[in-house]
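Engineer: The structure follows.
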Amino acid sequence: MLFKVVPLLFTPNLLTQIIENGELVIVTRNSATTYYEGPNGYTGFEYDLATQFADSLGVKLKVITSDNLNDIFEMLNTGEAHLAAAGLTITEARKQHVLFSASYMDITEQLIYNYRSYRPRKIADLDNGILEVIEGSSHVESLEELKFEHPELSWSTQTDMDSEQLLYLVENQLIDYTVADSNEVQLNQRFLLSLRVAFDISEPKKLAWAFPKSKDLSLYDKAMSFFWRQLNNGEITHLIENHYGHVDKFDYVGNRIYIRHISTLLNKYIDWYKEAAEKYNLDWKLLAAMGYQESHWNPRAVSPTGVRGIMMLTQQTAGQLGIKNRLDPKSSIFGGAKYLDQIRKRFPEELKEPDRTWLAMASYNVGYYHVTDAQKIARQLDKNPNKWTDMQDILPLLARKKWYKQTSRGYARGWEPVKYVTNIRRYYDLLEYQLALNETEEDEEEHDAISILPSVL
């Protein structure tokens, strides 16, 4: 007796579908902590982490953005996105509707005010001010919990703004207070210089990715494996360092002076920075930030150790670069760019960006061979010599006899290149923000001028 074989209908699980289609779709927010377009393309902590996950699956990453938190969760439920990587806080209310991955960062919710205004010390002090927060945010949940103890507490919610926009309103004293996550405050305080933290309104909370609740847990389980692997091998620590490591200290006075120097000094040298950066395949804003760290854009700067000029070149280095007058700003800028490019090219191919640039800048400050000495120490300590996260901990060891006596070049003040690179990264970020702000203001002025032309004519 013959039997006819009937093929069984099989629906592949979500993970299999994603791999077969070659695309992972995430929804995120457009912000400094999540996803934005930088000078070298798209970046942001959430974007970079999601890119690593997509690469581990062998698929491309597709990004959808929304600044409305309710819409983000709706996109998960309707299947428009496979997951939300949007700096989402794990809360009990949200856990009723979505699945959260392992946490990758702890934050605290903070009440923010403008230092020119009255500083509230406790919840009761908010009676006479305008407090605005984002609709659907974890901040609303925290405020609702506080309202049980403080019935007089009131606030309004915004649906067409994001957290950074509310911080901007506080900066410009258009509202009195807002609530923001500590990581967002940390990044934005560099640019919005009047912002201050009044107090924390919550205990530390955890950020994580969100997935739709479903019987099909194939993608969720894969993501959980990815998180445990990235947490254990230190990759998430490296990613946090890349995005937050240079912004841990807020220097109000220094930032104010720097902004003033951007408007009063930089225009004298900006064309040379751009030309030199283009010639040597550098980011001109990074080169300008280096120049500010070196000399505060003073072309006649001279240090006690004999380095001179706007890029503070030694006499020996200037001679090797063919520079006759270190105090000539154009020669110094082009010489500094050439020297940085030469150092950057000396490192082996396995050293990737942005770590290659950070180590090259450290070498510009302390010397190439001191940095390679530190890399050897890193290997002895089972640290990664090609990760700035590890190297900024190793470089200071060059000042300790136990370690420098084992090196080829001996003692060095290894903490200086760490501070040097950290400061340049801060100056770079602030310069980029200030230039974008100036461009926006110019566009608005041009629009206003055009809008009044008919009435003038």
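Residues 422 to 878 in this note's numbering are what the sequence shown spells out, letter by letter.
Here a beta-carbon is modelled for each residue, glycine too, at the ideal position from N, C-alpha and C.
1. With a CB to CB cut of under 6 Å and the five nearest residues on each side skipped, what residues in its chain are close to Ser559?
2. Look at the alpha carbon of Val787 and the alpha carbon of Pro838, and state the distance between them as a whole number of angstroms.
3. Check whether the segment 548-557 touches the segment 595-605, taking contact to mean three or more Cβ pairs, one atom from each stretch, closer than 8 Å.
4. Could you spell out where the beta strand (DSSP E) holding Ser577 opens and where it closes?
5. So, helix, strand or coil for Thr738, using DSSP?
6. Measure the C-alpha to C-alpha separation of Arg721 and Ser752 and round it to an integer number of angstroms.
7. So, do the segment 848-855 and the segment 795-803 have three or more beta carbon pairs nearer to each other than 8 Å?
8. Where does the unbroken alpha helix (DSSP H) through Gln763 begin, and where does it stop?
9. For the beta strand (DSSP E) containing Leu687, name the first residue and the last one.
10. Flag Ala709 as yes when its Cβ comes closer than 6 Å to any non-hydrogen atom of the ligand COA, and as no otherwise.
11. Where does Arg542 land, buried or exposed, given buried means 16+ other C-beta within 10 angstroms?
12. Is the beta carbon of Tyr679 closer than 7 Å to that of Arg617?
13. Give me the Cα-Cα distance between Ile731 and Pro750, rounded to the nearest whole angstrom.
14. Under three-state DSSP, which class holds Ser829?
15. Taking 7 Å as the cut-off, decide whether the C-beta atoms of Ser603 and Ile528 are in contact.
16. Starting from the C-beta of Phe413, find all residues in its chain whose C-beta is less than 6 Å away, skip the five residues before and the five after it, and write them out in chain order.
17. Considering only their Cβ atoms, is the gap separating Ala502 from Ala631 smaller than 7 Å?
18. Residues bridged to Glu444 by DSSP?
19. Which same chain residues end up closer than 6 Å to Trp705 when comparing Cβ atoms and leaving out the 5 residues on each side of it in sequence?
20. So the candidates are Val792, Asp811, Ala619, Gln813; which of them puts its Cα closest to the Cα of Tyr825?
21. Determine the direct distance from the alpha carbon of Leu482 to that of Lys636, and round the result to whole angstroms.
Structural biologist: Well, looking at it:
1. Counting from 1 along the sequence shown, the entry for residue 559 is found at position 138. Within the same chain, Ser559 has close Cβ partners Thr510, Thr512.
2. Numbered from its first residue, the sequence shown carries residue 787 at position 366. Numbered from its first residue, the sequence shown carries residue 838 at position 417. The alpha-carbon atoms of Val787 and Pro838 are separated by roughly 6 Å.
3. yes
4. Residue numbering aside, residue 577 sits at position 156 when the sequence shown is read from its first letter. First-last of the beta strand (DSSP E) with Ser577: 577-579.
5. Position 317 of the sequence shown, counted from the first residue, corresponds to residue 738. The answer is helix: DSSP assigns Thr738 an H, G or I state.
6. On the sequence shown, residue 721 is found 300 positions in, with the first residue counted as 1. On the sequence shown, residue 752 is found 331 positions in, with the first residue counted as 1. When rounded, the distance between both Cα atoms is 12 Å.
7. no
8. Along the sequence shown, read from residue 1 onward, the residue named residue 763 stands at position 342. From DSSP, the alpha helix (DSSP H) with Gln763 extends over 750-767.
9. One-based indexing of the sequence shown puts residue 687 at position 266. Here Leu687 belongs to no beta strand (DSSP E), and DSSP marks it neither H nor E.
10. For the ligand COA, the structure offers nothing, since it holds no ligand at all.
11. Taking the first residue of the sequence shown as position 1, residue 542 is located at position 121. With fewer than 16 Cβ atoms within 10 Å of its Cβ, Arg542 is classed as exposed.
12. By one-based count along the sequence shown, residue 617 stands at place 196. By one-based count along the sequence shown, residue 679 stands at place 258. No, the Cβ-Cβ distance between Arg617 and Tyr679 is not below 7 Å.
13. What you label residue 731 is simply residue 310 of the sequence shown in a count that begins at 1. What you label residue 750 is simply residue 329 of the sequence shown in a count that begins at 1. The straight-line gap from Cα to Cα measures roughly 6 Å.
14. By one-based count along the sequence shown, residue 829 stands at place 408. DSSP places Ser829 in coil when its eight states are reduced to three.
15. Position 182 of the sequence shown, counted from the first residue, corresponds to residue 603. Position 107 of the sequence shown, counted from the first residue, corresponds to residue 528. It is a contact, given that the beta carbons lie within the stated cut-off.
16. The first residue shown for the chain is 422 and the last is 878, placing residue 413 beyond what the model contains.
17. As a position in the sequence shown, residue 631 is number 210, starting the count at 1. As a position in the sequence shown, residue 502 is number 81, starting the count at 1. No. Outside cutoff.
18. Walking along the sequence shown from the start, residue 444 turns up at place 23. Answer is Lys481, bridged to Glu444.
19. Sequence index remark: in the sequence shown, residue 705 carries index 284 (1-based). These residues qualify, in order along the chain: Tyr694, Lys695, Ala698.
20. Translated into positions along the sequence shown, residue 825 becomes position 404. Ranking the options by Cα distance to Tyr825, first place goes to Val792.
21. Along the sequence shown, one-based indexing puts residue 636 at 215. Along the sequence shown, one-based indexing puts residue 482 at 61. The alpha-carbon atoms of Lys636 and Leu482 are separated by roughly 24 Å.
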